[in-house]
Amino acid sequence: MSLRVKAEPVLRPLMQAWWRVRRPMTMGVRALVENDAGHVLLVRHTYVDGWFFPGGGIERGETAEDALVKELAEEAGIAPTAPPDLFGIYSNERVFRGDHVLLYRVRHWQVCGGEKAGEIAETGWFDPYHPPEGITGGTQRRLREVFSGEARTSAW
1 MSLRVKAEPV LRPLMQAWWR VRRPMTMGVR ALVENDAGHV LLVRHTYVDG
51 WFFPGGGIER GETAEDALVK ELAEEAGIAP TAPPDLFGIY SNERVFRGDH
101 VLLYRVRHWQ VCGGEKAGEI AETGWFDPYH PPEGITGGTQ RRLREVFSGE
151 ARTSAW
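Everything in the sequence shown is counted per full-length UniProt numbering, starting at 1 for the first residue and increasing by one.
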């Protein structure tokens, strides 16, 4: 496992180049998960810096909601207990040409157990008005849109 973690930063640009050829447009999901205290769930990956909403890519033959459920289980050990609300669809061109992100708001969930994916270094619950140091720009903008009423943008 440690070899995989160390190799991912090196392989990431090569994988992205391959994806650009094979899949000129990509789509992913992210989940803004809230707990009863009003905090939001964020994850830190082993292969890239920053705090993010849990999520990942939508695979061929998979619906967006199926991908969201899969990623929440793998990255956070939780499962929605009600349909998530689609908050917005964003272009992620600055990070990866042709990429789009669907952001879902998950307010009803339960712990589903299981071991978290090895790519997750840490998870945490945070006050959306006072996010942790190192939060990514897109994640911070979405928190302001949801909780502070900031105008939505179309770019992640």
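Just so it is clear, CB atoms sit at the ideal spot from N, CA and C, and this is done for glycine as well.
Remember, it's a predicted structure, so these values are computed and weren't measured experimentally.
| Asked | Found |
| --- | --- |
| Length of the line joining the Cα atoms of A64 and G28 | 8 Å |
| Y129 versus L41 - alpha carbon distance | 13 Å |
| Given 8 Å, three or more beta-carbon pairs between the stretch 88-98 and the stretch 55-73 | no |
| Option in T153, I78, R44 and R30 with minimal Cα separation from E115 | I78 |
| Integer Cβ distance of R105 from L32, believed to fall under 8 Å | 5 Å |
| Rounded C-alpha distance that separates Y47 from I120 | 9 Å |
| Assigned secondary structure, E139 (DSSP; H/G/I helix, E/B strand, else coil) | Note that residue 139 corresponds to Thr in the displayed sequence, not to Glu. T139 falls in the helix class under three-state DSSP. |
| Backbone CA spacing between T26 and G38 [nearest angstrom] | 31 Å |
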